[in-house]
Amino acid sequence: MSLRLFAALDIPDLVAERLIAQMRGVPGARWRPRDNLHLTLRFFDEVAEPVAEDLDAALEEVAVATAPFTVMLRGASHFGSEEPHALWAGVAPSEPLRALAADCERAARRCGLKHEARKFVPHVTLAYLHATMLERVIAFEKRLALYESEPWLVGGFFMYSSHVRRNAPSLYREEASYQFLA
5 MSLRLFAALD
15 IPDLVAERLI
25 AQMRGVPGAR
35 WRPRDNLHLT
45 LRFFDEVAEP
55 VAEDLDAALE
65 EVAVATAPFT
75 VMLRGASHFG
85 SEEPHALWAG
95 VAPSEPLRAL
105 AADCERAARR
115 CGLKHEARKF
125 VPHVTLAYLH
135 ATMLERVIAF
145 EKRLALYESE
155 PWLVGGFFMY
165 SSHVRRNAPS
175 LYREEASYQF
185 LA
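In structure tokens:
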């Protein structure tokens, strides 16, 4: 058996509530529910159970060596140049966040998982788009250009399994939590 796994930071409720209040005004957007708002550190894809156990141990080592840090959301953008397919909230530059994502990547590689080909772009996915006009996406981004969340203290991260559903948002289940000890 295998699980579709990813490592992520949770978004505090206050930050999520204020973010959800901004999620409007884009025809064709399938806005993410509260339970799906997170900041992905590394998507691992389908992982066999024995490898998932090794990955769990490797991520625990990452957490033990990581110190708490603050992070905050800032602005918005999209993926897909001419045909946008996702809207997201950005993250203010954070070297500790980038280092944590790189450590998760190294942990995955030590467990035999393939290198993540995409560059790490820290973000929170707000919506998936279908036949959405680029002008509406740009208008949304302009409206959120000065958006900044409250900074929050990150004291750990999680490994989630993702269960894709037809015609509904994916279901995420917490598989493990990792608290920083450094």
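The working numbering puts the first residue of the sequence shown at 5, with every later residue one more than the last.
C-beta: ideal position from N, C-alpha, C; glycine also.
On a predicted model such as this, the values are computed, not experimentally measured, just so you know.
_Three-state class that DSSP yields for P54 in the structure shown_ = In the sequence shown, residue 54 corresponds to position 50, counting from 1. Reduced to three states, the DSSP call for P54 is helix.
*Terminal residues of the continuous beta strand (DSSP E) containing L185?*
Numbered from its first residue, the sequence shown carries residue 185 at position 181. That residue, L185, is in no beta strand (DSSP E); it is neither H nor E in DSSP.
*Please determine, among E99, A93, K123, the residue with the shortest C-alpha to C-alpha distance to L150.*
As a position in the sequence shown, residue 150 is number 146, starting the count at 1. For L150, the nearest C-alpha among the options comes from A93.
*Can the beta-carbon of E120 be found less than 8 angstroms from the beta-carbon of R46?*
By 1-based counting over the sequence shown, the position of residue 120 is 116. By 1-based counting over the sequence shown, the position of residue 46 is 42. Yes, Cβ-Cβ distance for E120 and R46 is below 8 angstroms.
*Between which two residues does the alpha helix (DSSP H) containing R113 stretch?*
Here residue 113 refers to the residue found at position 109 when the sequence shown is read from its first residue. DSSP places R113 in the uninterrupted alpha helix (DSSP H) bounded by 99 to 114.
*If you check the beta carbons only, do E154 and S81 fall under 8 angstroms apart?*
On the sequence shown, residue 154 is found 150 positions in, with the first residue counted as 1. On the sequence shown, residue 81 is found 77 positions in, with the first residue counted as 1. Their beta carbons are not under 8 angstroms apart, which means E154 does not touch S81 by this criterion.
*asked:* For Q183, which residues in the same chain have their Cβ closer than 7 angstroms to its Cβ, ignoring the five residues on either side in sequence?
replied: Locating residue 183 in the sequence shown gives position 179, counting from the first residue. If we look at Q183 and ignore the five residues flanking it on each side, its Cβ neighbours are A67, G159, G160.
*Could you check where the beta strand (DSSP E) with R28 kicks off and where it finishes?*
Counted from its first residue, the sequence shown places residue 28 at position 24. No beta strand (DSSP E) holds R28; DSSP gives it neither H nor E.
*Whole angstroms is fine: what's the gap from A69's alpha carbon to D60's?*
Translated into the one-based positions of the sequence shown, residue 69 becomes position 65. Translated into the one-based positions of the sequence shown, residue 60 becomes position 56. Each residue's alpha carbon lies about 15 angstroms from the other.
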